[in-house]
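Protein chains in written order, with this note's numbering: chain A, 1 to 197; chain B, 1 to 197.
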DNA sequence: GTCTATATCAAGATAGAC
DNA sequence: GTCTATCTTGATATAGAC
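See below:
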């Protein structure tokens, strides 16, 4: 009987361990104990520790995509509603999820290849932002603000409190709106004025 | 004889190793061999591997400050010249330095405490950006764009080529100018040529 | 096919010799 | 201050039990 659950259970256990003590301190013994299997059993499903972390990262990104889809349904019509959904979904991640993301990001230290999915994700996002409007620097600016916030928060480097953060999120959404409006106007230049708050 | 050089030599060796193969794959054996001492000798100066990495990180940040100071001397007068110097210095780091920074950042996976210096650095930067002007979201926006670019590049997540990147840097400097101009509520002293996209 | 038990090997850390 | 010898832990590899 190929128990589909076993693999899933091990992934969940790994996720729990990583969230609790970080990917760097996660050991195979720890995960297998949490999952209720032997180390060998774990290694049967994930031949190396890296494979396990890789699976966690893919899982994390997939979950994020689900969250974005959920937000997308709530966004009003608009060319860039997908981007806004991205921002809101990112803003809504809870502390536990963020901790998991940070741990996984840092786990890539052992193999830059592990960042490949993330790299693809960024490529996709930047292309998406770039594809709309005429001022691609402005677009990149928005992309960088969003993803900069995202990553700085993951790493715990963002010195904002909740109130400040909420204001910043609103500001970002406004940026998208303005950019969307500018892009829609055929003759409109994208410099300065419309960005003044 | 307390050889001041010994510690320094070991630090240099560690830096070389990290730059070459990454902090995760750096072993004490490797470093001690490169430095020409035994593992025990190395561990006398740096009681743990983490202590060694910590020293490398502090060294890295100190070097970055030196680079900023150098750029500061080249910047024309202006309220936010320090910020522009920061941007330019960040943009100018060579590949080797970037690789080192990335490795050190990722090394923090083993202990979030290692990120403490970086955290302090960001706090300082954001406060500096925040202190000038009235629109603090706008200021934060600039800060996030700069540091977002910085970190995404360190992690190799930035999908830009050199030309695109240069344009983005110029755009960022222009953002600072615009913000400075808005804050001063005067004509805005933009330094012409270097800011054209 | 799925797992347990056990073996191996690398690398961080410690103790004490010099 | 620095080295050698040794301990320990954790990641893999292997041998088979069910």
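No residue lacks a Cβ here, since even glycine has one placed at the ideal position from N, Cα and C. Please read all numbers here as calculations on a predicted model, not as lab measurements.
Cβ of residue i within 9 Å of any chain A Cβ
i, result
"residue 122 of chain B", "yes"
"residue 145 of chain B", "yes"
"residue 141 of chain B", "yes"
"residue 61 of chain B", "no"
"residue 78 of chain B", "no"
"residue 55 of chain B", "no"
"residue 110 of chain B", "yes"
"residue 98 of chain B", "no"
"residue 105 of chain B", "yes"
"residue 164 of chain B", "yes"
"residue 7 of chain B", "no"
"residue 192 of chain B", "Caution is warranted here: a pLDDT of 35 is assigned to residue 192 of chain B, below 50, making its placement in the model unreliable, and no coordinate value can be reported."
Residue i, DSSP secondary structure in three states
i, result
"residue 10 of chain B", "helix"
"residue 157 of chain A", "coil"
"residue 132 of chain B", "coil"
"residue 46 of chain A", "coil"
"residue 22 of chain B", "coil"
"residue 17 of chain B", "helix"
Start and end residues, alpha helix (DSSP H) containing residue i
i, result
"residue 30 of chain A", "28–35"
"residue 171 of chain A", "162–184"
Any C-beta of chain B under 9 Å from that of residue i
i, result
"residue 160 of chain A", "yes"
"residue 168 of chain A", "yes"
"residue 138 of chain A", "yes"
"residue 101 of chain A", "no"
"residue 171 of chain A", "yes"
"residue 24 of chain A", "yes"
"residue 175 of chain A", "yes"
Beta-carbon neighbours of residue i, restricted to chain A and to distances below 7 Å
i, result
"residue 118 of chain B", "157"
Chain-ordered chain A contacts of residue i [CB-CB under 9 Å]
i, result
"residue 152 of chain B", "122, 144, 147, 148, 151"
"residue 126 of chain B", "158, 159, 160"
Residue i: contacting residues in chain B (beta-carbon distance under 9 Å)
i, result
"residue 114 of chain A", "The contacting residues do not exist; residue 114 of chain A stays about 10 Å from chain B at best."
Unbroken stretches of the alpha helix (DSSP H), 4 residues or longer, contained in the segment 68–129 of chain B: 81–92, 95–107
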